[in-house]
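S.K.: Just dropping this structure here.
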Amino acid sequence: MRGQPSYRLLPSIFATLAILSGAALAQDQIENEEDLHRFRDKEGHEIDAKIVSFSSDWRQVQIERADGHRFDLIITRLSLDDQQFLRNWLLNRELPDPSSLRFDLSLNRLEKSSAKQKLANLVDEATWEAQEVGFQIGVTNLSRLPLANLRLEYCLLVEDAVEVKPTAVRPLLSNEDQEDIDEATPLWRAKRDKPLHYQFGSVELPPLAFNRVHQVDTASLVRDAITPERSSRLGLEDRLVGIMVRVTTGKDVVVAEKADL
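Each position in the sequence shown, counted from 1, maps to that position plus 18 in our numbering.
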């Protein structure tokens, strides 16, 4: 009958479909096998599987065999090569939608050890203190999933309010040399425009587990402070203005920012 398939053709059609289906399954199997990695623990046991996910604390990885069975492995029990493989896999993975990421940034000022020197000429004396100042930045991942491929950027600012004369640091001169000293030359002066000094920094963050703080110390700037020996003169000091901080992805998308100014 016209329009009806010949029953003789049905076996060959089914055979062709079976061949095509088998080829597709074989191709899927090849692709799945290409995704598999041979994991080896420290006792020498092996399993071929692909990575599914990590626990939020980075302590475990879930893997899946070709037959669909899934297992949770403690990462530190795997071989060192496998631990490095997992780290590289994380670093090459695409981040989730940046708008879904959540962070907490904490900023704590740091004042490191300072050096003190005496400034003196024939008419004035003062103590000059040079102190290194900076910040400790705490980054906490609140996104409920482990994250990698993030960078911390910051800008540290200090207001430069005082200038110390290069010849100010010296002992009191003997009577024979006093005639060569300009007694009116100040040992320090207040800067009228008070320029800002900037210290930029960028740090590649390690993989961040959920709800675990990672701390970064910034580079330092020097803050000068002058304390006159005579109370009739006012002291001067540079001012730590503050810091601006942001967290970015590898594609320079800002996912968190904070300032202390």
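Backbone N, C-alpha and C fix where the C-beta goes; we use that ideal spot for every residue, glycine too.
With 16 as the cutoff for other CB atoms within 10 Å, does threonine 94 come out buried or exposed?
M.R.: Locating residue 94 in the sequence shown gives position 76, where the first residue counts as 1. So threonine 94 counts as exposed.
S.K.: Could you tell me the alpha carbon to alpha carbon distance between leucine 168 and alanine 144, rounded to whole angstroms?
M.R.: Residue 168 sits at position 150 when you count from the first residue of the sequence shown. Residue 144 sits at position 126 when you count from the first residue of the sequence shown. Their Cα atoms are separated by approximately 47 angstroms.
S.K.: How far does the beta strand (DSSP E) with arginine 169 in it extend, from its first residue to its last?
M.R.: Walking along the sequence shown from the start, residue 169 turns up at place 151. It spans 168-177 - the beta strand (DSSP E) in which arginine 169 sits, taken as one unbroken run.
S.K.: Tell me which residues share the same chain as glutamine 78 and place their Cβ nearer than 8 angstroms to its Cβ, disregarding the 5 neighbours each side in the sequence.
M.R.: The sequence position of residue 78 within the sequence shown is 60, counting from 1. The residues are Phe72, Asp90, Leu91, Ile92, Ile93.
S.K.: Under the three-state reduction of DSSP, which class applies to arginine 105: helix, strand or coil?
M.R.: Counted from its first residue, the sequence shown places residue 105 at position 87. Of the three classes helix, strand and coil, the one that applies to arginine 105 here is helix, per DSSP.
S.K.: Between alanine 227 and the rest of its own chain, which residues show a CB-CB distance below 6 angstroms, the 5 nearest in sequence each way excluded?
M.R.: Within the sequence shown, numbered from 1, the residue matching residue 227 stands at position 209. Excluding sequence neighbours, alanine 227 sits near Asp75, Trp76, Pro164.
S.K.: On a CA-only basis, which of Gln233, Lys276, Tyr216, Lys60 is nearest valine 151? Give me that one, please.
M.R.: Position 133 of the sequence shown, counted from the first residue, corresponds to residue 151. Closest by alpha carbon: Tyr216.
S.K.: Alpha carbon to alpha carbon, how far is asparagine 106 from aspartate 211?
M.R.: For this step, residue 106 is matched to residue 88 along the sequence shown. For this step, residue 211 is matched to residue 193 along the sequence shown. When rounded, the distance between both Cα atoms is 50 angstroms.
S.K.: If I'm right that alanine 237 touches lysine 209 with Cβ under 8 angstroms, what's the distance once you round it to whole angstroms?
M.R.: Here residue 237 refers to the residue found at position 219 when the sequence shown is read from its first residue. Here residue 209 refers to the residue found at position 191 when the sequence shown is read from its first residue. No, alanine 237 and lysine 209 are not in contact; Cβ-Cβ is about 23 angstroms, not under 8 angstroms.
S.K.: For a test of the three-state rule: what should DSSP assign to threonine 94, helix, strand or coil?
M.R.: The sequence position of residue 94 within the sequence shown is 76, counting from 1. DSSP places threonine 94 in helix when its eight states are reduced to three.
S.K.: Between the Cα of glycine 268 and those of Arg207, Leu258, Ser220, Val259, spot the shortest distance and give me the residue it belongs to.
M.R.: Reading the sequence shown from its first residue, position 250 is the one you call residue 268. Cα-wise, what sits closest to glycine 268 is Ser220.
S.K.: Rounded to whole angstroms, what's the CA-CA distance from asparagine 159 to leucine 104? Just pull it up for me.
M.R.: The residue you call residue 159 lines up with position 141 of the sequence shown. The residue you call residue 104 lines up with position 86 of the sequence shown. So the two alpha carbons sit approximately 19 angstroms from each other.
S.K.: Should arginine 88 go down as buried or exposed, given a rule of 16 or more other Cβ atoms within 10 Å for buried?
M.R.: Residue 88 sits at position 70 when you count from the first residue of the sequence shown. So arginine 88 counts as exposed.
S.K.: Out of Ile81, Gly156, Ser131, Leu96, which has the shortest C-alpha to C-alpha gap to glutamate 61?
M.R.: What you label residue 61 is simply residue 43 of the sequence shown in a count that begins at 1. Of Ile81, Gly156, Ser131, Leu96, the residue nearest in Cα terms is Leu96.
S.K.: Can you round the beta-carbon distance between leucine 125 and isoleucine 81 to whole angstroms, since I take them to be within the 8 angstroms contact cut?
M.R.: Taking the first residue of the sequence shown as position 1, residue 125 is located at position 107. Taking the first residue of the sequence shown as position 1, residue 81 is located at position 63. Contact between leucine 125 and isoleucine 81 fails: their C-beta atoms lie close to 39 angstroms from each other, not under 8 angstroms.
S.K.: Of the choices Asn110, Phe121, Gln102, whose alpha-carbon is the least far from that of valine 231?
M.R.: For the purposes of this step, residue 231 is taken as the residue at position 213 of the sequence shown. Minimum Cα distance to valine 231 is reached at Phe121.
S.K.: Starting from asparagine 159, trace the beta strand (DSSP E) both ways and give me its first and last residue.
M.R.: As a position in the sequence shown, residue 159 is number 141, starting the count at 1. Counting along the chain, the beta strand (DSSP E) containing asparagine 159 begins and ends at 143-159.
S.K.: Residues in the same chain with beta-carbon distance under 6 angstroms from proline 213, minus the five sequence neighbours each way, listed in chain order, please.
M.R.: Position 195 of the sequence shown holds residue 213. If we look at proline 213 and ignore the five residues flanking it on each side, its Cβ neighbours are Asp178.
S.K.: Would you mind working out which of Ser132, Thr266, Glu64, Leu137 sits nearest aspartate 99, comparing C-alpha positions?
M.R.: As a working mapping, residue 99 is identified with position 81 in the sequence shown. Of the listed residues, the one whose Cα sits closest to aspartate 99 is Glu64.
S.K.: In three-state terms, what does DSSP make of aspartate 53?
M.R.: Locating residue 53 in the sequence shown gives position 35, counting from the first residue. Helix.
S.K.: Looking at C-alpha atoms only, which residue of Pro246, Leu258, Asp256 is the closest neighbour of lysine 136?
M.R.: Looking up residue 136 in the sequence shown gives position 118. The residue with the shortest Cα to Cα distance from lysine 136 is Pro246.
S.K.: Look at the alpha carbon of valine 240 and the alpha carbon of alanine 67, and state the distance between them as a whole number of angstroms.
M.R.: Along the sequence shown, one-based indexing puts residue 240 at 222. Along the sequence shown, one-based indexing puts residue 67 at 49. Computed Cα separation, rounded: 54 angstroms.
S.K.: With DSSP collapsed to three states, give me the class of aspartate 122.
M.R.: Residue numbering aside, residue 122 sits at position 104 when the sequence shown is read from its first letter. Reduced to three states, the DSSP call for aspartate 122 is strand.
S.K.: Between which two residues does the beta strand (DSSP E) holding arginine 266 run?
M.R.: Mapped onto the sequence shown, residue 266 falls at position 248. One detail in the question is off: residue 266 reads as threonine in this sequence, not arginine. Segment 257-267, the beta strand (DSSP E) holding threonine 266.
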